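Here the numbering used here runs 21 ahead of the position in the sequence shown, where the first position is 1. Glycine included, C-beta positions come from ideal geometry on N, C-alpha and C. Keep in mind the model is a prediction, meaning the values are calculated, not measured.
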Amino acid sequence: MTEITANKKPRETYVVDPVAFFFALVGAPLAVAVGGFWALGIPVFAVVFGGPFYLAIGVPVLLWYLGRRPPEPWRIAGLALVSYGVPAGIFMLYLLVTGGQSAAQEFVIFAGFGLIFAPLWGGVFGIFYRNFRREFYARPI
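See the structure below:
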C-alpha cells in the first residue's frame with residue numbers, strides 16, 4: 022500500500038507592517054470623521070462611541086486578515102461589516118430575549134450607525150494600509 026500523496030503547498034503568509042498598521046488604524050476613523058463632519062457631526066461622535074469597539078474587535082480581526090491576505094479595501098470593508106454585524110445581532114437577540122424592549126430600541130440606533138461606519142472605516146483602513154505599507158511587507162513569506 023504505497024500511495025503517493027501530493028505535497029500541500031503552505032498558505033502564503035504576510036508580515037504586518039506595524040507602522041502602516043498603526044497609521045491606518047488611527048487615520049481611518051479620523052479621515053471619515055473629517056470627511057463627513059458636516060453631516061450634523063455624526064462621524065465625530067461615531068469616533069467617540071465606536072472607537073472602543075473598533076479597537077477591541079477590529080485590531081484582532083485586521084491582524085488575522087492581513088497576516089493571511091494582501092490588503093484589499095473592499096474585502097476589509099466587508100470583513101468589518103461582518104465582524105461588527107454578527108456581535109451586534111447577537112447582542113440584539115439577547116436584549117429581545119431578556120425582555121429589554123426599550124434597551125433594544127435604543128441599541129438599534131447605535132447599531133444602525135455602526136453598520137454604516139464599520140465598512141467605511143474598514144475600507145479607508147484598507148486604502149491607507151495598502152498605500153502606507155513598505156515594499157518589504159508586501160511580499161508573502
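(request) Return yes when the Cβ of PHE70 is within less than 8 angstroms of the Cβ of PHE131, no when it is not. (result) yes
(request) List in chain order: all unbroken alpha helix (DSSP H) runs of 4+ residues lying wholly within the segment 26 to 91. (result) 39 to 57, 63 to 74 and 80 to 87
(request) Check whether the Cβ atoms of GLY135 and ALA101 lie closer than 8 angstroms to each other. (result) In this structure, ALA101 does not lie closer than 8 angstroms to GLY135 by Cβ.
(request) Assuming ALA54 contacts PRO64 (C-beta within less than 8 angstroms), just tell me the rounded distance between them. (result) 4 angstroms
(request) Could you round the C-beta distance between ALA98 and GLY144 to whole angstroms and report it? I think they count as a contact, below 8 angstroms. (result) Sure, about 4 angstroms apart at Cβ, within 8 angstroms.
(message) What does the alpha-carbon distance come out to for the pair GLU163 and VAL68?
(response) A query on residue 163 cannot be resolved here, the shown segment of the chain reaching from 22 to 162 and no further.
(message) Restricting to Cα atoms, I'd like to know which of ALA125, TYR150 and PRO31 is closest to VAL47.
(response) Considering only alpha carbons, the answer is TYR150.
(message) What residue range does the alpha helix (DSSP H) around PRO140 cover?
(response) 122 to 153
(request) Report the residue from ALA41, LYS29 and ALA27 whose alpha carbon sits nearest the alpha carbon of PHE153. (result) ALA41
(message) Quick check: the Cα distance between TRP142 and PRO91, rounded to an integer number of angstroms?
(response) C-alpha separation (whole angstroms): 17 angstroms.
(message) Do THR34 and ILE162 have their beta-carbon atoms positioned less than 8 angstroms apart in this structure?
(response) Taking 8 angstroms as the cut-off, the beta carbon of ILE162 is found closer than this to the beta carbon of THR34.
(request) Using a threshold of 8 angstroms, state whether the C-beta atoms of TYR158 and VAL36 are closer than that. (result) yes
(request) Please report the residue range of the alpha helix (DSSP H) in which GLU156 lies. (result) 156 to 159
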